[in-house]
Amino acid sequence: MTHRLSKTPALEIRAVAGLGIEGDAHYGTTTQHRYDKRKAPDRPNLRQVHLVESALLDDLGSRGFDVRFGDLGENIVTAGMSLTALPEGTILRIGAEARLQLTGLREPCVLLDRLRPGLRPAVGQKGQGAKPFLRGGVMSRVLATGFIRPHDEVTIEMPSPPHRPLGNV
Numbered sequence: 015m016t017h018r019l020s021k022t023p024a025l026e027i028r029a030v031a032g033l034g035i036e037g038d039a040h041y042g043t044t045t046q047h048r049y050d051k052r053k054a055p056d057r058p059n060l061r062q063v064h065l066v067e068s069a070l071l072d073d074l075g076s077r078g079f080d081v082r083f084g085d086l087g088e089n090i091v092t093a094g095m096s097l098t099a100l101p102e103g104t105i106l107r108i109g110a111e112a113r114l115q116l117t118g119l120r121e122p123c124v125l126l127d128r129l130r131p132g133l134r135p136a137v138g139q140k141g142q143g144a145k146p147f148l149r150g151g152v153m154s155r156v157l158a159t160g161f162i163r164p165h166d167e168v169t170i171e172m173p174s175p176p177h178r179p180l181g182n183v
């Protein structure tokens, strides 16, 4: 499988429990991220599925970045919810069967600047106390197999307290 940053939008994707999105470069039980695979090839894959909010793409567009669905490497674009504000372990039910569990924040990498100069800092802005506020979306793992299509309903299931904020994965 070839690793590329951008993905081609599809009318349907299949999320497979424990593996990820069928046909995606990050499909597997252990880490498939090129850098992490060299360091710890047996590490569990916490980056099976990448989700971003449509508001991020809209914001980047309003700031002059020509960014389209799939350009940031995301598998799924959602609307009407703040993914990065959800706690670790949150389950997203998407469509009739697919269930994804949020594992962490996607840390923007240098490939974003290769796609569009200045895109990486636009996605990973500084927050309070100079701590980076990552807007690159969230990562998840697949708990239940199912097809995911544009405009599928997304239902949020919060984990049991205490809630832990999403960290970088």
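Numbered according to my numbering, the sequence shown spans residues 15 to 183. Using N, Cα and C, we set each Cβ at its ideal position, and we do this for glycine too. These numbers come from a predicted model, not from an experiment.
- Counting the other CB atoms within 10 Å of its CB gives Ser-154 a total of 16 or more, which places it among the buried residues.
- Rounded to whole angstroms, the separation of the alpha carbons of Pro-131 and Phe-161 is 34 Å.
- When DSSP reads this structure, Gln-115 sits in a beta bridge with Ile-105, Arg-155.
- In the displayed model, Ala-136 falls within a helix according to three-state DSSP.
- For the pair Thr-44 and Glu-36, the Cα-to-Cα distance works out to about 15 Å.
- With fewer than three CB-CB distances shorter than 8 Å, the region 71-87 does not count as touching the region 97-107.
- Arg-120 is positioned such that its CB atom lies closer than 7 Å to that of Gly-150.
- Listed in chain order, the non-local C-beta contacts of Ser-20 below 6 Å within the same chain comprise Gly-84, Asp-85, local neighbours out to five positions each way being set aside.
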